[in-house]
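Taking it in order: structure first as C-alpha cells, then the write-up.
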Amino acid sequence: MNAVHLARNELRRLTTGTLPKLAIAALVLVPLLYASLYLYSNYDPYGRLDNLPAAIVNNDTGSGTGENHREVGREVTDELQRSGDFDWHEVSEDEAHTGVSNGDYAFAITIPRDFSKALTSSEDFEPRQAGITLTTNDTNNYLSHTIADQVAEEVRNTIAEKVGTQAADRFLVGFSTIHERTEEAANGARELAGGALELRDGQQQLATGASQLATGSNQLSSGLSTLKSNTENLPEQTQQLATGANKVAAGNEQIAATASALAQGSTDLQNNLNNVNDQLGERLREGGLDENEVQHVLGVLGNLRSPVDEADNRIQQTSTQLNTLATGSRQVANGAQRLAGSAPQLSGGISQAADGAAKLSKGASSLDTGEQDALNGTKQLLSGANELRDGLNEGLHQIPNTDEDTREATARTIADPVAVDNANMASAGTYGAGLAPFFIGLATWIGAFVLFLLLRPLSTRALTAGASPLRVALGGWLSAALLGTAQVVVLFAAVTWLVGIHVANPVAALGFAVLTSLTFTAIVHALNALFGAVGKFLGLVLLVLQLVSAGGTFPWQTLPDALQPLHAALPMGYVIDGLRHLLYSGASAEVLLDVGVLVAYLAAALTASTLAARRRRMWTVSHLKPELAL
Numbered sequence: 001m002n003a004v005h006l007a008r009n010e011l012r013r014l015t016t017g018t019l020p021k022l023a024i025a026a027l028v029l030v031p032l033l034y035a036s037l038y039l040y041s042n043y044d045p046y047g048r049l050d051n052l053p054a055a056i057v058n059n060d061t062g063s064g065t066g067e068n069h070r071e072v073g074r075e076v077t078d079e080l081q082r083s084g085d086f087d088w089h090e091v092s093e094d095e096a097h098t099g100v101s102n103g104d105y106a107f108a109i110t111i112p113r114d115f116s117k118a119l120t121s122s123e124d125f126e127p128r129q130a131g132i133t134l135t136t137n138d139t140n141n142y143l144s145h146t147i148a149d150q151v152a153e154e155v156r157n158t159i160a161e162k163v164g165t166q167a168a169d170r171f172l173v174g175f176s177t178i179h180e181r182t183e184e185a186a187n188g189a190r191e192l193a194g195g196a197l198e199l200r201d202g203q204q205q206l207a208t209g210a211s212q213l214a215t216g217s218n219q220l221s222s223g224l225s226t227l228k229s230n231t232e233n234l235p236e237q238t239q240q241l242a243t244g245a246n247k248v249a250a251g252n253e254q255i256a257a258t259a260s261a262l263a264q265g266s267t268d269l270q271n272n273l274n275n276v277n278d279q280l281g282e283r284l285r286e287g288g289l290d291e292n293e294v295q296h297v298l299g300v301l302g303n304l305r306s307p308v309d310e311a312d313n314r315i316q317q318t319s320t321q322l323n324t325l326a327t328g329s330r331q332v333a334n335g336a337q338r339l340a341g342s343a344p345q346l347s348g349g350i351s352q353a354a355d356g357a358a359k360l361s362k363g364a365s366s367l368d369t370g371e372q373d374a375l376n377g378t379k380q381l382l383s384g385a386n387e388l389r390d391g392l393n394e395g396l397h398q399i400p401n402t403d404e405d406t407r408e409a410t411a412r413t414i415a416d417p418v419a420v421d422n423a424n425m426a427s428a429g430t431y432g433a434g435l436a437p438f439f440i441g442l443a444t445w446i447g448a449f450v451l452f453l454l455l456r457p458l459s460t461r462a463l464t465a466g467a468s469p470l471r472v473a474l475g476g477w478l479s480a481a482l483l484g485t486a487q488v489v490v491l492f493a494a495v496t497w498l499v500g501i502h503v504a505n506p507v508a509a510l511g512f513a514v515l516t517s518l519t520f521t522a523i524v525h526a527l528n529a530l531f532g533a534v535g536k537f538l539g540l541v542l543l544v545l546q547l548v549s550a551g552g553t554f555p556w557q558t559l560p561d562a563l564q565p566l567h568a569a570l571p572m573g574y575v576i577d578g579l580r581h582l583l584y585s586g587a588s589a590e591v592l593l594d595v596g597v598l599v600a601y602l603a604a605a606l607t608a609s610t611l612a613a614r615r616r617r618m619w620t621v622s623h624l625k626p627e628l629a630l
C-alpha cells in the first residue's frame with residue numbers, strides 16, 4: 001500500500017455521497033471566499049474617494065483693494081471643487097459641524113475670515129501664519145481622519161506653493177528693480193569717476209597755479225617791501241627835485257632869452273654885412289674897379305666873413321636849443337612839481353601795495369596749502385569713485401535680472417523646490433494589489449487548516465497493516481496537498497481574472513503559490529499528526545502569530561522588537577516576500593531564499609509527520625480513547 005493509494009482512498013472516502021462532495025467543494029472555495037472577496041472589496045478604495053462626502057467652509061473676506069484685492073480662500077474652494085478628488089460641499093460653519101457630527105460628511109475644512117490677510121501679511125513685515133481648521137470624527141471612520149490629514153496637508157502645500165510663487169515673483173521683481181537702480185547708480189558712478197578724474201586734473205592745475213601764485217606773491221611782497229623802504233623819502237625828494245627843476249627852468253629861460261638876443265644881434269650883423277657887401281661893391285665900381293676885381297674883392301671878403309657866418313649859424317642853433325632847453329626845463333619843472341604833488345599818494349600807494357602784497361603772499365601760501373589738501377582729497381575722491389564704479393559694476397552682474405518667463409519659472413521653483421520623480425522599481429498599482437500577497441498567504445494557510453477539519457492526517461488502516469511510516473505520512477499529506485493545490489489554482493484564477501490584479505510573472509507566481517500550499521498543508525498535517533486535536537489549536541495559534549509578524553501591511557521593520565524574531569522564524573513572511581517579487585516585478589534572485597525556506601519547512605513538516613506515523617504504530621490508551629476529540 002503506497003502513499004498515492006492511501007491518498008486516493010482518503011479522497012474516495014470524502015467524496016462518497018452528495019454532501020461530502022459539497023463539503024470538499026466548500027473546502028476548496030474557502031480561500032477564495034476569504035482572499036478574493038476581501039481583495040475585491042478593497043481593490044482600489046482611493047480611486048473611489050470622489051464618493052466620499054466632505055465639507056468646505058469659506059469664511060475668507062480677502063485682502064487688498066481694487067486691482068490688488070485677492071480672495072485666496074475662494075481660489076482654494078473653487079480648486080478643491082474642480083479637482084473632484086472628494087464629493088465636496090460648500091456649506092456654512094454650522095452645517096459643516098453638524099454634518100461631521102452626524103456622519104453626513106467624513107470631514108470638514110474651514111477657511112477663516114482673515115485667511116488671505118494672514119497670507120499676505122509678510123508684505124507689510126507683520127508676518128503671521130494663516131490657519132485652516134480640519135474637523136474630523138473618528139466615530140464615522142478612523143481612516144477618514146487619516147485621509148483628511150493628507151488632504152489638509154495637500155491643501156497647505158498647494159496654498160504655500162501659490163503664495164510662495166507670488167511672493168518669490170515679487171521678490172525677483174524687486175531684484176530686477178534693484179538691478180535697474182544699481183545699473184543707474186553704476187552709470188552715475190562711471191560719470192562720477194570721469195568727473196572726479198577731470199576734477200583731479202583741474203585741481204592739479206589749480207594746485208600748481210596756487211603754488212606759482214604763492215611763489216610770485218612772495219616775490220612781489222619782497223619787491224614791494226623793498227620799494228616801500230626805498231620810497232619812504234620820495235615826497236621830500238620829489239619836492240626838492242621840483243624846487244631845483246623850477247630854478248633850472250628859470251635859469252634856462254634867462255639863458256634862452258640872452259641867447260635869443262644874441263641870435264637877434266647876430267642876425268642883424270648878418271643883415272648889416274650883407275648891406276656892406278652891396279655898398280662895397282657899388283663903391284668899388286664907382287672907384288673904377290672892374291667887375292672881376294669887384295667880385296674878387298667880394299669873394300675875399302666873403303671868405304673872411306665865413307667864420308662870422310659859422311658863428312651866426314651856431315648862435316642861431318644854440319638859441320634854438322636853449323629855447324628848447326628852456327621849454328623842456330619848464331616842462332620838467334612842471335612835471336617835477338606834479339610828481340612832488342603825487343609823491344605822497346604814490347608813496348602811500350606803494351606802502352598799501354606792500355602791505356597788500358604781504359597779505360596776498362600769506363593768503364597765497366594758505367591757498368597753496370589748502371589746494372594741496374584739496375588735491376589729496378580729490379585724489380581720494382577719484383579713488384573712491386573708481387572703487388564705487390568697479391564695485392557697482394561687479395555687483396551689478398551678481399544681481400539677478402531675469403526676463404518674465406525665467407522669473408515665473410524661478411518663482412515656481414522657489415515656491416516648490418522639490419519635484420518627486422517616482423522611480424518605482426516595482427509597482428503594485430492599487431491598494432488591493434498591494435494587499436494581495438498578504439491575503440493570498442493567509443488564505444492558503446486557512447485553506448490548509450480547514451482541510452483537516454475533514455481529512456484524517458494518518459490512515460489508521462495503513463498503520464494497523466504495518467505500512468511504512470513514510471508512506472503513511474505522505475499518503476495523509478498528498479490528499480490535502482491535492483486539495484490545497486486546487487484551492488490555490490481557483491484562488492489565483494479569481495484574483496487575476498475576476499478581481500483584476502496584474503501579475504508580472506503568472507507562471508512563477510502560481511508555482512510559488514502551489515509550493516506555499518504544499519508547505520502549509522504539510523505543516524498543518526504535521527501538527528495534526530503529532531498532537532491530534534491540540535494540533536488544530538496550534539494551527540490557529542500559528543495563524544495568529546503569523547498574522548502579527550509577517551509584515552503584510554506595514555514593513556516588518558516597524559514590528560515591536562519581541563515580534564521580529566517570529567518574522568524571521570515563521571514561513572508566512574517568506575511567502576509574502578516571494579509573492580511580492582513575483583506579482584510586481586517577476587522572478588528575481590531574492591525569491592530563491594523564499595523558495596528555499598518553504599522547501600525546508602516542507603521537508604521538516606513531512607519528516608515530523610513521518611515521525612508521528614512511526615510513533616502511532618504503537619497503540620496506547622490515549623490513542624484509543626483521547627481526552628479531547630474534535
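Counting in UniProt numbering, the sequence shown runs from 1 upward without gaps.
Virtual Cβ for every residue (Gly too), placed ideally from N, Cα, C.
Remember, it's a predicted structure, so these values are computed and weren't measured experimentally.
Within 8 Å (strictly less), CB to CB, does residue i reach chain C?
i, result
"Ala-608", "Chain labels in this structure do not include chain C; a single protein chain is all it has."
Pick helix, strand or coil for residue i, following the three-state DSSP scheme.
i, result
"residue 639", "Limits of the chain in this structure are 1 at one end and 630 at the other, which puts residue 639 out of reach."
"Ser-63", "strand"
"Ala-353", "helix"
"Thr-369", "helix"
"Arg-70", "strand"
"Gly-251", "helix"
"Leu-611", "helix"
"Val-418", "With a pLDDT of only 46 at Val-418, under the threshold of 50, the placement of this residue in the model should not be trusted; the figure read from the coordinates follows. Residue state, collapsed to three classes: coil."
"Met-425", "Bear in mind that a pLDDT of 49 at Met-425, under 50, signals an unreliable position, so the model cannot answer this."
With respect to the alpha helix (DSSP H) encompassing residue i, which residues constitute its N-terminal and C-terminal limits?
i, result
"Pro-506", "506-531"
"Asp-87", "Looking at the DSSP string, Asp-87 is not in any alpha helix (DSSP H); the run it does join, the beta strand (DSSP E), is 87-90."
"Thr-553", "Taken as a continuous stretch (DSSP letters only), Thr-553 belongs to no alpha helix (DSSP H), as it is neither H nor E."
"Ala-118", "115-119"
"Ala-108", "Note, Ala-108: premise wrong, no alpha helix (DSSP H); beta strand (DSSP E) at 107-111."
"Tyr-574", "572-580"
"Leu-567", "Reading off the sequence shown, one finds His at residue 567, where the question assumed Leu. Where His-567 is concerned, the enclosing alpha helix (DSSP H) stretches over 564-569."
Of the choices the options, whose alpha-carbon is the least far from that of residue i?
i, options, result
"Ala-358", "Thr-61, Ile-109, Thr-215, Thr-553", "Thr-215"
"Val-488", "Leu-530, Ala-443, Gly-532", "Ala-443"
"Arg-456", "Leu-527, Asn-218, Ala-513, Gly-511", "Leu-527"
"Glu-310", "Gln-352, Glu-191, Asp-50, Thr-267", "Thr-267"
"Val-514", "Leu-491, Ala-612, Ser-319", "Leu-491"
"Leu-530", "Ala-608, Arg-48, Ile-255", "Ala-608"
"Phe-452", "Val-499, Glu-184, Val-507, Val-524", "Val-524"
"Asn-218", "Arg-616, Leu-593, Glu-282, Leu-360", "Leu-360"
"Lys-536", "Asn-275, Ile-501, Ile-446", "Ile-446"
"Asp-201", "His-581, Gln-317, Lys-379, Tyr-574", "Lys-379"
"Leu-545", "Gly-532, Leu-559, Val-534, Ala-533", "Leu-559"
Kindly indicate the opening and closing residues of the beta strand (DSSP E) around residue i.
i, result
"Ile-132", "Counting along the chain, Ile-132 falls outside any beta strand (DSSP E), and DSSP gives it neither H nor E."
"Asn-58", "53-58"
"Thr-98", "No beta strand (DSSP E) holds Thr-98; the alpha helix (DSSP H) holding it covers 93-102."
Taking 8 Å as the cut-off, decide whether the C-beta atoms of residue i and residue j are in contact.
i, j, result
"Ala-148", "Ala-130", "no"
"Thr-98", "Ile-132", "no"
"Leu-52", "Asp-87", "yes"
"residue 636", "Asn-58", "Here the chain has residues from 1 to 630 only, and residue 636 is not among them."
"Asn-386", "Ala-185", "no"
"Arg-615", "Leu-458", "no"
"Ile-159", "Val-76", "yes"
"Ser-116", "Glu-67", "no"
"residue 633", "Asp-594", "Lying before the first or after the last residue shown, residue 633 is absent from the chain, which here runs from 1 to 630."
"Thr-516", "Gly-596", "no"
"Leu-579", "Phe-512", "yes"
So, under 8 Å CB-CB, residue i and residue j are touching, yes? Tell me the CB distance rounded to an integer number of Å.
i, j, result
"Ala-473", "Thr-610", "4 Å"
"Ala-210", "Ala-364", "7 Å"
"Ala-550", "Phe-438", "7 Å"
"Leu-518", "Gly-484", "7 Å"
"Leu-382", "Ala-196", "4 Å"
"Val-297", "Arg-285", "With a Cβ gap of about 11 Å, Val-297 and Arg-285 do not count as contacting."
"Leu-213", "Leu-325", "At roughly 48 Å, the Cβ-Cβ gap does not stay under 8 Å, so Leu-213 and Leu-325 are not in contact."
Consider the C-beta atom of residue i and the heavy atoms of the ligand PLP; say whether any pair is separated by less than 7 Å.
i, result
"Leu-518", "With respect to small molecules bound, the structure shown includes none, and the ligand PLP cannot be examined in it."
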